[in-house]
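J.: Quick note, our numbering runs 113 ahead of the 1-based positions in the sequence shown. Glycine is no exception: its CB is placed at the ideal position from the N, C-alpha and C atoms. Everything numeric in this text was worked out from a predicted model, so none of it was measured. Here it is, the structure, as structure tokens.
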Amino acid sequence: METKGNIELLKLPKTAFLCSRKAPASAILKCYDWATAMREQNRCVVSGFHSLIEKDVLHFLLKGKQPVILVLGRAMYKQMPKEFIQPLSENRLLIVSVATELRQSEYTTDRRNRYIVNISEQVVFGYVNPQGKLYALYQKAKRTDKPLEILSE
Numbered sequence: 114m115e116t117k118g119n120i121e122l123l124k125l126p127k128t129a130f131l132c133s134r135k136a137p138a139s140a141i142l143k144c145y146d147w148a149t150a151m152r153e154q155n156r157c158v159v160s161g162f163h164s165l166i167e168k169d170v171l172h173f174l175l176k177g178k179q180p181v182i183l184v185l186g187r188a189m190y191k192q193m194p195k196e197f198i199q200p201l202s203e204n205r206l207l208i209v210s211v212a213t214e215l216r217q218s219e220y221t222t223d224r225r226n227r228y229i230v231n232i233s234e235q236v237v238f239g240y241v242n243p244q245g246k247l248y249a250l251y252q253k254a255k256r257t258d259k260p261l262e263i264l265s266e
């Protein structure tokens, strides 16, 4: 595992955010509203920020000042994306790579998502497609004692 940024963020209470790649339009606004609320509450959000909705949520969060943990299902960036420079310099971003592969795969995505759920105190799913890959993790997360929320069903 490789990290860049403020490793101390791992000590904070964390809320996981995961969302299926294919989500209905009704889920989008709920996820945006949730991201705005997390930003206003200064809550630490951890996610892979890989699906389109997750990327949008990251965009909302990076506009704030709250801590964010980005977990990659691939090797660490060789060149840091420009939108991460300021949050890294402000010590409010941690990037964690749980894989050494250059490209994300189904296997590394699953490993990343399990890591996200494991390190979080609370798990929020923007939307879970019953036919999607995230559904199995959702079922597993339901069996834990962690608070779990689905924003859109």
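Is glutamate 219 close to chain D, meaning its C-beta is less than 7 Å from at least one C-beta of that chain?
T.: This model lacks chain D altogether; it includes just one protein chain.
J.: Taking the alpha-carbon positions, what's the threonine 128 to tyrosine 248 distance?
T.: The sequence position of residue 128 within the sequence shown is 15, counting from 1. The sequence position of residue 248 within the sequence shown is 135, counting from 1. If I take the Cα positions, the gap works out to 18 Å.
J.: Among Ile208, Leu207, Arg205, Gly186, which one has its Cα closest to the Cα of leucine 215?
T.: As a first step, residue 215 is located in the sequence shown; it is residue number 102 there, counting from the start. The shortest C-alpha separation from leucine 215 is found at Gly186.
J.: So, helix, strand or coil for lysine 117, using DSSP?
T.: Your numbering for residue 117 matches position 4 in the sequence shown. Strand.
J.: Leaving out the 5 sequence neighbours to the left and right, which residues in its chain are closer than 7 Å to glutamate 115 when beta-carbon positions are compared?
T.: Taking the sequence shown and counting its residues from 1, the one referred to as residue 115 is at position 2. Once the five neighbours on either side are set aside, the close Cβ partners of glutamate 115 are Met189, Ser210.
J.: Kindly indicate the opening and closing residues of the alpha helix (DSSP H) around tyrosine 251.
T.: What you label residue 251 is simply residue 138 of the sequence shown in a count that begins at 1. Its alpha helix (DSSP H) spans residues 247-255.
J.: In chain order, what residues of the same chain lie with their CB nearer than 6 Å to the CB of glutamate 167, ignoring the 5 residues before and after it?
T.: Counting from 1 along the sequence shown, the entry for residue 167 is found at position 54. Same-chain partners within the cutoff: Cys132, Ser160.
J.: Quick check: what's the CA-CA separation for histidine 163 versus tryptophan 147?
T.: For the purposes of this step, residue 163 is taken as the residue at position 50 of the sequence shown. For the purposes of this step, residue 147 is taken as the residue at position 34 of the sequence shown. For histidine 163 and tryptophan 147, the distance between alpha carbons rounds to 17 Å.
J.: Please confirm whether proline 200 and leucine 122 have their CB atoms less than 7 Å apart.
T.: As a position in the sequence shown, residue 200 is number 87, starting the count at 1. As a position in the sequence shown, residue 122 is number 9, starting the count at 1. No, the pair does not count as a contact, with Cβ atoms beyond the cut-off.
J.: Out of His172, Ala138, Glu219, Pro194, which one is the CA nearest neighbour of threonine 149?
T.: Locating residue 149 in the sequence shown gives position 36, counting from the first residue. Measuring from the Cα of threonine 149, the nearest candidate turns out to be His172.
J.: Round the Cβ separation of serine 265 and glycine 245 to the nearest angstrom and send it over; I've been treating them as touching at under 8 Å.
T.: For this step, residue 265 is matched to residue 152 along the sequence shown. For this step, residue 245 is matched to residue 132 along the sequence shown. Actually they do not touch by this definition, with Cβ atoms about 14 Å apart.
J.: Using the Cβ count rule (16 or more neighbours within 10 Å means buried), how would you classify asparagine 155?
T.: In the sequence shown, residue 155 corresponds to position 42, counting from 1. With fewer than 16 Cβ atoms within 10 Å of its Cβ, asparagine 155 is classed as exposed.
J.: For a test of the three-state rule: what should DSSP assign to tyrosine 190, helix, strand or coil?
T.: One-based indexing of the sequence shown puts residue 190 at position 77. In the structure shown, tyrosine 190 sits in coil (DSSP, three-state: anything other than H, G, I, E or B).
J.: Applying the criterion that 16 or more other CB atoms from any shown protein chain within 10 Å of the CB defines a buried residue, is asparagine 231 buried or exposed?
T.: Residue numbering aside, residue 231 sits at position 118 when the sequence shown is read from its first letter. Exposed.
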